[in-house]
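Chains as they are written, first to last, in our numbering: chain A, 8 to 103; chain B, 38 to 661. All remarks here apply to the structure that follows.
Shown next, in the form of structure tokens:
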């Protein structure tokens with residue numbers, strides 16, 4: 008088993024009951040497995056935010072960073088996780 | 038012939054003689070420079086010698102709105118103010134919004150050029166084309182909000198809009214700003230230029246309307262813009278409710294919220310006390326600019342301690358960075374109070390906060406002692422010391438005299454290797470984002486024509502993850518030169534020239550802004566504009582400004598970073614280990630200069646300038 012952190016930024020924190028959570032997963036789990044684990048734990052409100060309802064694809068408006076890196080520059084949702092990794096969930100936001 | 042969008046008139050005011058004239062806005066100027074910063078840079082280049090004393094009578098202060106200003110285009114009540122900057126010696130250009138820009142347009146002007154200097158304090162009163170010079174002797178010394186109110190009372194019209202300076206500008210602090218309503222033409226010391234001319238304020242009232250060339254096509258082009266704004270997942274759903282502070286949460290998560298004079302980025306990231314939730318807890322209302330459906334400005338009331346009861350419009354993200362992050366003051370009420378104080382004194386929140394943070398680090402290191410700080414323990418986190426120092430800066434008292442002209446000048450005065458800790462580029466204090474973790478954003482700081490200026494070429498690809506024109510890895514070095522040119526040219530023309538609020542570009546229009554600007558220009562003004570023509574205006578303005586700076590003595594050596602960025606990797610956070618080595622900076626610069634078709638010394642080539650129709654700039658460079 009591995010333990011990873013999930014960090015919810017700004018408005019996302021409300022869906023995860025706080026800004027930081029620890030999640031235990033099987034070794035060699037991928038990011039998509041972590042998201043599934045979060046849906047199991049936090050249910051419908053979280054699922055509605057993270058998945059596009061019609062297609063079941065991950066909502067690409069939610070920015071996912073693994074240890075600070077946009078997952079598009081890793082292996083996307085198939086990126087393997089390791090002990091101590093930190094996934095950031097960032098809702099759409101901008102400003103100056 | 039200009040058939041819409043423009044009033045067709047530029048007001049030229051001579052403060053030495055107390056005279057004024059009106060000139061036509063030429064079609065050539067409109068076509069090649071559109072308005073706003075384009076007009077400012079062009080007029081500055083043509084009329085102010087590169088070697089002029091920024092605080093002398095030769096410098097000119099150019100207020101320019103855009104063809105969109107005062108029309109039904111939303112979010113376009115923006116004006117660019119341009120002069121030679123006393124802080125940097127380079128082109129000084131900064132914008133503000135609110136209501137003053139629209140009012141200037143309704144009063145009948147595309148631009149206002151202020152020349153010379155008055156022997157005594159005056160304010161300008163522009164009343165629907167009637168111009169008069171009024172004594173500001175009793176106003177001299179007033180803070181900006183009081184000044185605005187007194188003028189409205191004196192002229193017996195509460196709907197007059199006023200742009201003015203406060204004590205900081207009067208005392209020629211090179212980080213002084215110009216305030217209109219509660220908005221700021223914040224940076225580059227333009228408030229000092231106004232102060233040097235003994236010009237306390239400009240009051241304006243206008244009842245004109247802006248003509249439109251083709252109403253149907255204009256409506257169609259606007260509907261494209263409105264649709265994109267409605268479809269944005271950010272603009273109305275969150276940005277209009279929170280304003281800019283949400284970026285604090287984001288940059289802390291990215292590990293690029295620069296704190297404690299850039300010594301603690303990623304290590305001290307005060308989201309709980311200064312982030313979006315803390316800001317929302319102080320919100321009591323909102324404000325908006327003229328004809329803005331978004332209304333992102335938040336009114337906040339400090340609630341606790343000695344700051345309770347202080348109201349500010351803001352603080353914006355950059356002010357939270359400078360007055361909270363840089364100073365180590367993780368107290369939202371103190372930051373609200375500091376934000377308001379800076380506005381009242383007429384000093385740039387960004388440069389002032391960075392200057393205070395700089396002095397704090399020097400004190401922590403023993404380079405400044407209690408003898409220098411008038412007995413104050415000037416340590417990070419000391420909010421009372423910060424408030425006192427902001428006042429001292431505006432009035433040039435004690436340590437404030439040293440800091441009033443920015444960190445570059447302060448470091449030179451202090452000596453003892455203080456310059457190692459002076460966080461500026463070309464004299465302009467660094468904005469919020471720690472560019473060690475966002476390399477194109479950094480390259481823009483290094484190369485922007487006004488100094489370290491996030492708004493001239495904001496890398497929203499890196500900060501917000503917006504994949505336009507393509508997705509970008511913020512840690513990568515390659516490709517950043519090309520990207521920075523695009524960011525600078527597109528933002529320049531669609532926001533700084535048109536004029537339009539840059540938040541609309543980032544949050545709604547990044548992929549369609551250039552074409553939309555062309556369609557709006559064509560339908561509004563009757564001038565033919567393709568997307569390529571529009572982008573060329575952005576390139577033209579960036580090139581002309583660069584030539585002004587080259588003639589003012591700037592070289593490739595000035596396109597650089599403070600030592601901290603070049604040598605100190607980030608120690609903690611989600612950008613841990615990142616920095617920009619000199620080698621990487623050189624790689625990015627080489628790519629940037631190549632993309633811009635400049636020499637490897639960063640000088641626009643004759644070929645490039647002629648291709649942009651900048652013959653006089655090419656000739657001036659030849660003479661140098």
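Ideal Cβ placement from N, Cα and C applies to all residues, glycine included.
When you compare only the Cα positions, how much space is there between residue i and residue j?
i, j, result
"residue 385 of chain B", "residue 190 of chain B", "27 Å"
"residue 230 of chain B", "residue 142 of chain B", "23 Å"
"residue 547 of chain B", "residue 55 of chain B", "44 Å"
"residue 628 of chain B", "residue 392 of chain B", "32 Å"
"residue 261 of chain B", "residue 507 of chain B", "22 Å"
"residue 215 of chain B", "residue 165 of chain B", "22 Å"
"residue 187 of chain B", "residue 104 of chain B", "31 Å"
"residue 268 of chain B", "residue 417 of chain B", "43 Å"
"residue 18 of chain A", "residue 287 of chain B", "11 Å"
"residue 239 of chain B", "residue 407 of chain B", "41 Å"
"residue 237 of chain B", "residue 361 of chain B", "30 Å"
"residue 14 of chain B", "residue 94 of chain B", "Chain B is shown from 38 up to 661; residue 14 of chain B falls before or after that span and cannot be answered."
"residue 334 of chain B", "residue 217 of chain B", "14 Å"
"residue 105 of chain A", "residue 74 of chain A", "With chain A represented from 8 up to 103, any question about residue 105 of chain A goes unanswered, as that position is not in the structure."
"residue 465 of chain B", "residue 598 of chain B", "11 Å"
"residue 244 of chain B", "residue 146 of chain B", "12 Å"
"residue 501 of chain B", "residue 602 of chain B", "22 Å"
"residue 88 of chain B", "residue 120 of chain B", "13 Å"
"residue 171 of chain B", "residue 212 of chain B", "26 Å"
"residue 138 of chain B", "residue 107 of chain B", "8 Å"
Flag residue i as yes if its beta-carbon sits less than 7 Å from any beta-carbon of chain B, otherwise no.
i, result
"residue 95 of chain A", "yes"
"residue 54 of chain A", "no"
"residue 25 of chain A", "no"
"residue 17 of chain A", "yes"
Should residue i be flagged as near chain A, meaning a C-beta pair shorter than 7 Å?
i, result
"residue 292 of chain B", "yes"
"residue 611 of chain B", "yes"
"residue 339 of chain B", "no"
"residue 117 of chain B", "no"
"residue 275 of chain B", "yes"
"residue 287 of chain B", "yes"
"residue 306 of chain B", "no"
"residue 548 of chain B", "no"
"residue 536 of chain B", "no"
"residue 270 of chain B", "yes"
"residue 313 of chain B", "yes"
"residue 544 of chain B", "yes"
"residue 591 of chain B", "no"
"residue 105 of chain B", "no"
"residue 385 of chain B", "no"
"residue 375 of chain B", "no"
"residue 510 of chain B", "yes"
Using a Cβ cut-off of 7 Å, pull out every chain A residue sitting near residue i, in sequence order please.
i, result
"residue 502 of chain B", "70 and 77"
"residue 281 of chain B", "102 and 103"
"residue 353 of chain B", "103"
Answer with buried or exposed for residue i, where buried requires no fewer than 16 other C-beta atoms within 10 angstroms of its C-beta.
i, result
"residue 592 of chain B", "exposed"
"residue 575 of chain B", "buried"
"residue 525 of chain B", "buried"
"residue 620 of chain B", "exposed"
"residue 252 of chain B", "exposed"
"residue 607 of chain B", "buried"
"residue 449 of chain B", "exposed"
"residue 66 of chain B", "buried"
"residue 92 of chain A", "buried"
"residue 604 of chain B", "exposed"
"residue 487 of chain B", "buried"
Residues of chain A with a CB under 8 Å from the CB of residue i: which are they?
i, result
"residue 284 of chain B", "100, 101, 102 and 103"
Could you tell me which chain B residues have their CB closer than 7 Å to the CB of residue i, listed as they occur along the chain?
i, result
"residue 74 of chain A", "611"
"residue 14 of chain A", "290"
Give every residue of the same chain whose Cβ lies closer than 7 Å to the Cβ of residue i, excluding the five residues on either side of it in the sequence, and list them in chain order.
i, result
"residue 88 of chain A", "9, 11, 32, 36, 37, 38 and 41"
"residue 134 of chain B", "114, 115, 220, 326 and 538"
"residue 339 of chain B", "319, 345, 346, 347, 370, 373 and 374"
"residue 409 of chain B", "436"
Is residue i close to chain E, meaning its C-beta is less than 7 Å from at least one C-beta of that chain?
i, result
"residue 54 of chain B", "Protein chains in the displayed structure are A and B, and chain E is not among them."
Quick one: what's got a C-beta closer than 6 Å to residue i's C-beta in the same chain, skipping five residues either side?
i, result
"residue 441 of chain B", "210, 430 and 433"
"residue 152 of chain B", "51 and 97"
Here's a check: name, in chain order, each residue in its chain whose Cβ is nearer than 8 Å to the Cβ of residue i, leaving out the five neighbours to either side.
i, result
"residue 635 of chain B", "583, 641, 642 and 645"
"residue 512 of chain B", "474, 476, 612 and 615"
Taking C-beta pairs closer than 9 Å, name the residues in chain A that residue i reaches, listed in chain order.
i, result
"residue 45 of chain B", "None at all; the shortest Cβ gap to chain A is about 33 Å."
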